[in-house]
Amino acid sequence: MSSLDLLAQPFMQRALIAAVVTGLAAPVVGTYLVQRRLSLMGDGLGHVAVTGVAIGLLTGTSPTWAAVVVALLGAVLIEIIRERGNTSGDLALALLFYGGLAGGVLLTGIGGQSAARLQEYLFGSITTIGVGDLVATMALAALVVVVGIGLSPQLFAVAQDQEFARVAGLRVRAYNVLVAALAAVSVSVAMRTVGLLLVSALMIIPVATSQQVSSTFRTTLYGAMGLGVVASLCGLVVAALAPADVPVAAGPAIVMVALACFLVTWPLGAWMRRVRRLRMPFPAEGPDEHLPVEEHHDALPHDHEHGKDCGHVAVEHGDHVDYLHDGHRHAVHHDSGVTHYDEH
Amino acid sequence: MSRTTDPAPAAPPVRLAHGAVAIGGRPVLRDVDLTVEPGDFLALMGANGSGKSTLVKALTGLRPLSAGRLELFGTPLEDFRDWSRVGFVPQRTGATAGVPASLWEVVAAGRLSRRKLLRPLSRADRRAIDEAIDVVGLSHKKRDGVATLSGGQQQRTLIARALAGEPDLFVLDEPTAGVDLPNQEALAGTLRTLKERGATVVLVAHELGPMAPLVDRAVVMRDGRKAYDGPALTDHAVHDPVFGGHAGHHVPAVGRDHLPHVASPLDPSPLDPQEGRR
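Sequences listed follow chains A and B, in order.
Take the first sequence: its position 162, counting from 1, is numbered 161 in numbering that gives the first Met the number 0, and each next residue is one higher.
Take the second sequence: its position 162, counting from 1, is numbered 161 in numbering that gives the first Met the number 0, and each next residue is one higher.
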């Protein structure tokens, strides 16, 4: 079968659609989770959802919808613990996560299901997705994207600064629960694509990548959505086109592609952050803190004038600019028509 | 930014009667009476741990009162919904989060108290945001990420965010802490603009610095009670032993001694602002 034939297969087309919608939706919630420094929350919800899948398998109902319900309950519980709890709240969350995973594996065994069946959900099995599951995935993903972008001003404000949001009259608790609920839904959406144990990766890694090179929330959010789609599609195609004797699972391939994007962007981000740090204004001293005149130092004579194109980094310093020159800070000083540089 | 068409006799922006706050069951504020009249520029002062920040959190509804009664603009706190009239500037730690955000985006969040759900920014919203950034003198940094700004510039960003909502009452928690002198002067300039527009300002300050000439009323807290309420004081006078400076017979508290430090996972947090609410 040629690769084009493969991509034309119905199961492959369903997989491609699932990959696109998952890649689009997961980073939306991921952005708010990263903003609130809760990067691991998706991971925890993934663990809790394992119990939901097991309940679905045990009762013969849809594992997807059972996972949605259990993950939603878990999300609300996590939010309550977070709000009522304090620094040791992460301990309580850990208890919940392990309970979810253990409960899921236990129930699957009791239900007489094979480990392979559960593994489809743990590590994803995008190519076996049926029409019913695909429609559910698309609907849930659409919900996440519409709510996550439609309410972005409110969700941004709450995630940025809870105290301010509360005094602005926003219902902070309701929005916190909403983000947790969206995370739970995203977990269930991404379950078939990358699997419950790797769900968080698709929510978080595109955001981590996107924020390397962006300085606004908006570009971070949309960049992460774009990267999520690219990673999902590339990962799936890599898995599909791998030679027959090298079995490549789609879920891990998607996560590895996302990580590769991060590794490519990270040096760029590190360099940009370094430049920004260099240009960060030096604290200006107050008028009464000026050095006495005898402590002014002239810089050594120059073979060039500092300016826009001199190649030295210009840093704001109070009302003027210092140029970084071999570890010195040179400030232009005009004295009776002669230009020289002071050491600052 | 006072409204020109205020409903008849203006109710005091803040009226607290016999206010008390308990944190984790321990009484922190006791029996505090405080009325802020329209146009007041009030500085809440006092030593570390004297309760001035707790008082500000109580006034903004962030900490529930365990006793007493609080009215904002003549409405009991429980029924108060007109939050766009209150502009809150929390301590600077709130300026950055886990994802980059531009100065403009942070200031735009200040408009939310006036925006309806799912509506794009109106022209009036954009004008208010731009004007707020202009008042704090950061128009040239509008598109910069807040994380790249200096501490003083981040503080000015948070003030712009409060300004963007066009409130009548500004509440600022330690706006000058850790801010260099030129930025303190820029802050004082912004506050002077607000004062000239007739806004009511309540600010917590350890030291007033360049804001001193603006303050026309000082309230000094000592050990959770009001120790002084009257005309502005110099920074020096506030630390007089009479007001609970370090020369008093109490050993000064190290850190925040009113918070228990050990708790198990499911204990309610002593920091939880919801706690104690019905």
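The C-beta atom is built at its ideal place from N, Cα and C for all residues, glycine as well.
In this text, all values refer to a predicted model and were calculated from it rather than measured experimentally.
Less than 8 Å between C-beta atoms, sequence neighbours within five positions excluded: which residues of the same chain meet that for residue i?
i, result
"A:Met11", "Leu5, Thr126, Ala239"
"A:Val20", "Thr136, Met137, Ala140, Ala141, Val188"
"B:Arg62", "Val20, Ile22, Thr53, Lys56, Pro272"
Measuring CB to CB, does residue i end up less than 8 Å from residue j?
i, j, result
"B:Val201", "B:Leu58", "yes"
"A:Ala74", "A:Ala183", "yes"
"B:Ile158", "B:Val135", "yes"
"A:Val49", "A:Leu100", "yes"
"B:Thr175", "B:Ala204", "yes"
"B:Ala42", "B:Val106", "no"
"A:Gly317", "B:Pro166", "no"
"B:Phe72", "B:Ala10", "yes"
"A:Ile203", "A:Ser231", "no"
"A:His311", "A:His319", "no"
"A:Ala249", "A:Gly123", "yes"
"B:Arg110", "B:Asp124", "yes"
"B:Leu28", "B:Thr53", "yes"
Compute the Euclidean distance between the alpha carbons of residue i and residue j, then round it to the nearest angstrom.
i, j, result
"A:Ser214", "B:Leu171", "27 Å"
"A:Gly45", "B:Ala217", "53 Å"
"B:Ile22", "A:Pro251", "48 Å"
"B:Pro278", "A:Thr264", "In the structure displayed, chain B extends from 0 to 277; residue 278 of chain B sits before or after that span and is not available."
"B:Ala185", "B:Ser149", "13 Å"
"B:Gly45", "B:Arg221", "6 Å"
"A:Leu226", "B:Gly144", "21 Å"
"A:Val314", "B:Gly86", "33 Å"
"A:Val247", "A:Ser151", "37 Å"
"A:His329", "B:Thr147", "22 Å"
"A:Ala164", "B:Glu130", "21 Å"
"A:Tyr340", "B:Asp81", "56 Å"
"B:Arg113", "B:Gly24", "36 Å"
"A:Val33", "A:Val52", "26 Å"
"B:Val40", "B:Arg191", "Here residue 40 of chain B turns out to be Phe, not Val, going by the sequence shown. If you take the alpha carbons of B:Phe40 and B:Arg191, they lie about 10 Å apart."
"B:Phe79", "A:Ala173", "18 Å"
"A:Leu201", "A:Val193", "8 Å"
"A:Ser113", "A:Thr107", "8 Å"
"B:Leu213", "B:Phe169", "14 Å"
"A:Val171", "A:Asp89", "20 Å"
"B:Leu207", "A:Ala18", "57 Å"
"A:Gly336", "A:Gln161", "55 Å"
"B:Gln152", "A:His301", "34 Å"
What is the DSSP secondary structure of residue i, reduced to helix, strand or coil?
i, result
"B:Phe169", "strand"
"A:Arg81", "helix"
"A:Met279", "coil"
"B:Glu184", "helix"
"A:Leu92", "helix"
"A:Leu325", "A small correction: the amino acid at residue 325 of chain A is Asp; Leu does not occupy that position in the sequence shown. A:Asp325 falls in the coil class under three-state DSSP."
"B:Phe40", "strand"
"A:Ile128", "coil"
"B:Ser49", "coil"
"A:Glu342", "strand"
"B:Asp78", "helix"
"A:Phe216", "helix"
"B:Glu206", "coil"
"B:Leu102", "helix"
"A:Leu301", "With the sequence shown as reference, residue 301 of chain A is identified as His, and Leu is not the correct amino acid for it. Three-state result, A:His301: coil."
"B:Lys225", "strand"
"B:Val134", "helix"
"A:His46", "helix"
"A:Val237", "helix"
"B:Pro212", "helix"
Only counting the same chain, and skipping five residues up and downstream in sequence, which positions put a Cβ closer than 6 Å to that of residue i?
i, result
"A:Ile54", "Ala65"
"A:Leu195", "Gly45, Ala48, Val49, Tyr120, Leu121"
"A:Phe96", "Gly43, His46"
"B:Pro209", "Gln183, Glu184, Ala187"
Determine, using beta carbons only, whether residue i comes closer than 8 Å to chain C.
i, result
"A:Thr215", "The structure shown has no chain C; the protein chains it does contain are A and B."
Given residue i, which residues of its chain have a CB within under 7 Å of its CB, disregarding the five upstream and five downstream residues?
i, result
"A:Ala179", "Ala74, Val75, Ile77, Glu78"
"B:Gly38", "Gly197, Thr199"
"A:Arg272", "none"
"B:Arg255", "Residue placement at B:Arg255 is flagged as unreliable, the pLDDT there being 45, under the threshold of 50; the coordinate-derived value follows with that caveat. Within the same chain, B:Arg255 has close Cβ partners Gly48."
"A:Pro62", "Val52, Gly55, Leu56, Tyr120"
*asked:* Quick test of the definition: if touching needs 3 or more C-beta pairs under 8 Å, does the stretch 136-151 of chain A touch the stretch 19-31 of chain A?
replied: Contact between the stretch 136-151 of chain A and the stretch 19-31 of chain A is present, because at least three Cβ pairs lie under 8 Å.
_Three-pair Cβ contact test at 8 Å for the stretch 46-64 of chain B versus the stretch 100-112 of chain B_ = Between the stretch 46-64 of chain B and the stretch 100-112 of chain B, the count of C-beta pairs closer than 8 Å stays below three; the two stretches do not touch.
_At least 3 beta-carbon pairs within less than 8 Å: the stretch 223-230 of chain B vs the stretch 24-41 of chain B_ = The answer is yes - the stretch 24-41 of chain B touches the stretch 223-230 of chain B, with three or more Cβ pairs under 8 Å.
_the stretch 8-19 of chain B contacting the stretch 64-74 of chain B, beta-carbon criterion three pairs below 8 Å_ = These segments touch.
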